[in-house]
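As structure tokens, the structure follows; a few thoughts come after it.
In the UniProt record's numbering, the protein residues as written are 1 to 1150.
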């Protein structure tokens, strides 16, 4: 029978029901508030007899049946009698059922086994225990604390199983001591770089209820008795029992360091030396608290901690005491506003966490006696641990949840803590030690496991930005830097750098800003990276983060008032700056007053600006002597005084005190100040004074403008030469023109650049069209041209009017004027000289002349208008008139050449050849056409024909010049010269040399050239293509010259042939006048001075035409004639070019 709490709709709490088994078949439930309606529950017969039932949870019952079944039912009104879970736990027989509410587990026994289930998950069997002697199990039950499970068997045996060890452990890094059995402790030496070590298992004399461990000692105890063990100096040494001690009262907690143990036996905290003969303790063997501190007699010590340097304890009324073991006295006392329940210190005792009666956690810094609240602290915190490797990180544990906290000691926002993340634990796991984010956890069975905090893991499923933020939160800047390198985005580097600045880590920030190339930030961080003063460093970091108010507070806190003043100045907080300066930097008051005045002046508050300018100038901090000394020794202060006076000058004028303002401006003699004050005077209408200040400041344009407006001509005349404004000169010129002083007006108009006005005055007032024309030609102004053209029209000079209009681009007006006065031919002539004439202008003329049947001019202007087809048609039509033929055909050639149109070229060539009208034209036109179109080969052929005609008519020099020019053109265009052209050129040139040598008195050479020329001419004329064209009267004589020359001539020719020179190629002797070597077949060029073929030595060339010649003969000719016999250019004998290699000339003539 059991009394229990049954769920009901009336919400009646407490034991309100009775349950019992009736007849091993029925479960009887008697609900006390309703005695008339009990509940009887029956079950399936296959379950067997109902042996036991156990209440668990909130109104649930476990039932054990003889056939091995275990069933869970609910007593809730809606679900009463309904089976929630059923399992056949034992194959043949179930004999007992036991439930442990502390552990929330149920155990059933039957056959020779025990099966254990968790109430939270009945479907799974957590453990199966087999009885060693395989005897039948009869009964089973738990101890009250759930630590033991007892089982009886049919053969009279009783088995006791330890189901849960009490959680006992002690930690002194790197050692961890854990109760691994009822009377055994496992001692581990933790190392983060090595795998889990094998522990040393120390047997104990008793089952302890407390443990403690220190650097060299280990303690286990029960109630009032304590056993001390010596751990040795090395981690691997075997523990040895050192001593035993008894205390007067039960021990609640005990802690060790290298020399002392601290024992809490309420209400006392006893500090004792572990070994009395230890030289480190000497006379400091024992102390009892709170007796040692009279002020704490009424307080109860609630918790304590022991480091190598301090005993730290707290009381129920909020005392936090640091007792120095070296000085053996209290060194720090702090009073919290309520009782303190727990405290957790770091290894050195430099900071600790305490939890008060309201379950709020705080970080306490004993050196500063400062307390910082822990944000997001759990409501039921069991334990806190500081990270041994990362001293700014700690964890708090509440049940199965571990929260990672970061304590930020130095930052631009002061000291604070943040919650970095959460890590879940398994059931019964307890954090023992924390090293670089790795927790050492207590687990069931007296063992430990390791697990990393979630905040210290790189989560592969999270993007890199999330990992970066996580590492920055826990202040692992090196790892965050690696993540930034992978991301490599400017935003990530900025986030990293700003976070580091906020934490006063300029070195880390410097690395980030270097990556993004921010030169200004890098330079600033280089300047502050080695600053040691926290307030100064915090101030500059705030400045870089644009937190100006915070920066100012840090500078003031660190007595860096000048830096705080600079911030006030930069933020234009002048009132605050003045207050700070009066208090801390009195020598800065004048400067700040002046800067404040400048700001007030800019904002339009002139009265206050004047006040502060005067304050900055006449500051009361210095007497007259000190003021003068400061003025003489400090150029900065001298400049400050000057700026104050300038401000006084400007603001005095603004305030209406014009005389004072002008007086200060005159005293300072500053050009810019003169300008500023003059502008202010203009705004209030004091123009005369303003003009004077402008003039003093050398602002002559402004001064002249005012003088002209005031009609102060004598003043304006004085400064007019310095005036640069054309507008002012124009204004002055208008005034002079209105006064009839035209020459002065013209001079000013010229300076102003208004030449139109000058032309107007010359025409309207001075009647000087000649000077006006010069100005128009200079300015090319349309307006001036029109004025001048109208003037010429008035006096009847239409040609001059047309000339002026065309020259200035007024083509349309000129055309209209020419048409009115029948001057279009003159207009066309002027238009041809105008460089900017348009095709449309020429087209209008062409159409006019076409309408007037003037074909030559129509063709000409169609050509200039680039209407080439029409132009050629009209020009060919105009060539029918003898007086216009030459001009028309010349223009036709230019038209075709410019158009580059093959059809037009073909049409013109056919016209020249007579295919159009049956009358061939002079070949010279065809030659000119070929030359104009750069058809040099065709031109060369035509040139030979023309030259032959010229020879027949006796114009030898003309024929020679034509061939020479064609020869040079072919050379310039790298085209081959025909042998016929070369032969004719040599023949004609030799003939022209005859006259030159006769003039020089060299008759023998002239005769040789003449005989050779006559024979060559006769031979040429006897050729079949020329013989039929000879007059019969001369044919026989010419033939006789060739066949049988007169005796004297024949002998003379023989003498000529006997005169030889070497061939420059093969060295064969050739007659002087022979140009083709009969040995090597090379065609040789001739000397343009003698007509003989060239040789290897003594050769030179004309610098103008580059034809070879003998130097001596050429110098004779040049000394007499001063011109080249070939090209006719003026050549100085000294400028003849020596020819070292004659091969290029031979190749050119081949």
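Ideal Cβ positions, reconstructed from N, Cα and C, are used throughout, including at glycine.
Treat the numbers as computed from the prediction; the structure is a model and nothing was measured.
Cβ pair residue 126, residue 116 closer than 8 Å: yes
I'd like to check one pair, residue 889 with residue 867: are the Cβ atoms closer than 8 Å? no
For residue 316, three-class secondary structure by DSSP: coil
Kindly indicate which residue of 593, 876 and 918 has the alpha-carbon position closest to the one of residue 908. 876
For residue 798 and residue 758, what's the separation of their Cα atoms in angstroms? 22 Å
Can you tell me whether DSSP reads residue 747 as helix, strand or coil? helix
Residue range of the alpha helix (DSSP H) that residue 350 falls in? Taken as a continuous stretch (DSSP letters only), residue 350 belongs to no alpha helix (DSSP H), as it is neither H nor E.
Grab the span of the alpha helix (DSSP H) containing residue 961 for me, first residue to last. 956-972
Under the three-state reduction of DSSP, which class applies to residue 1099: helix, strand or coil? strand
Taking just the CA atoms, how far does residue 891 sit from residue 862? 11 Å
Under 7 Å Cβ to Cβ from residue 331, same chain only, skipping five residues before and after it: list those, please. 322 and 324
So within the UniProt domain "IFT121-like zinc finger" (1085-1131), which uninterrupted beta strand (DSSP E) runs reach at least 3 residues, ignoring any that extend past its ends? 1099-1101 and 1108-1110
Per DSSP, residue 424 forms a beta bridge with which residues? 401
Cα-Cα separation between residue 698 and residue 683, rounded to whole angstroms: 20 Å
Check whether the Cβ atoms of residue 1104 and residue 1087 lie closer than 8 Å to each other. no
Measure from the alpha carbon of residue 4 to the alpha carbon of each residue in 32, 23, 1089 and 807, then state which is nearest. 32
Do you know how far the Cα of residue 429 is from the Cα of residue 383? 12 Å
Buried or exposed (CB count within 10 angstroms, at least 16 for buried), residue 1101: buried
Within a Cβ cutoff of 6 Å, which residues of the same chain sit near residue 548, ignoring the five residues on either side of it in sequence? 567 and 571
Going by DSSP, name the residue or residues bridged to residue 225. 222 and 246
Say yes only if the C-beta of residue 860 is nearer than 7 Å to one or more non-hydrogen atoms of the ligand FMN, and no if none qualify. Although the ligand FMN was asked about, the structure shown includes no ligands whatsoever.
Taking the Cβ atom as the reference point for each residue, do residue 419 and residue 376 lie within a distance shorter than 8 Å? yes
Comparing C-alpha positions only, which one of 1107, 1137 and 1089 sits nearest to residue 1118? 1089
At least three beta-carbon pairs within less than 8 Å, the segment 985-1001 to the segment 1135-1143: no
Within its chain, find whatever has a CB closer than 6 Å to the CB of residue 342; leave out the 5 residues flanking it on each side and keep chain order. 303 and 355
Assigned secondary structure, residue 301 (DSSP; H/G/I helix, E/B strand, else coil): strand
Return the residue from the list 574, 589 and 584 that minimises the CA-CA distance to residue 600. 574
CA-to-CA distance, residue 824 to residue 900, given in whole angstroms: 30 Å
Same chain, Cβ closer than 6 Å to residue 947, five either side skipped, listed in chain order: 959, 962, 963 and 984
Does the beta-carbon of residue 639 have 16 or more other beta-carbons within 10 angstroms, so that it is buried, or is it exposed? exposed
In three-state DSSP terms, what is residue 1077? coil
Can you tell me whether residue 860 is buried or exposed? The criterion is at least 16 other CB atoms within 10 Å of its CB, across all chains shown. buried
How close, in whole Å, do the beta carbons of residue 255 and residue 212 come, if the pair is a contact with beta carbons under 8 Å? 6 Å
Determine the contact status of residue 435 and residue 388, defining contact as a CB-CB distance below 8 Å. yes
How do the segment 520-540 and the segment 548-560 stand: do at least 3 beta-carbon pairs fall below 8 Å, yes or no? yes
So residue 52 is in the beta strand (DSSP E); what residue range does that whole segment cover? 50-56
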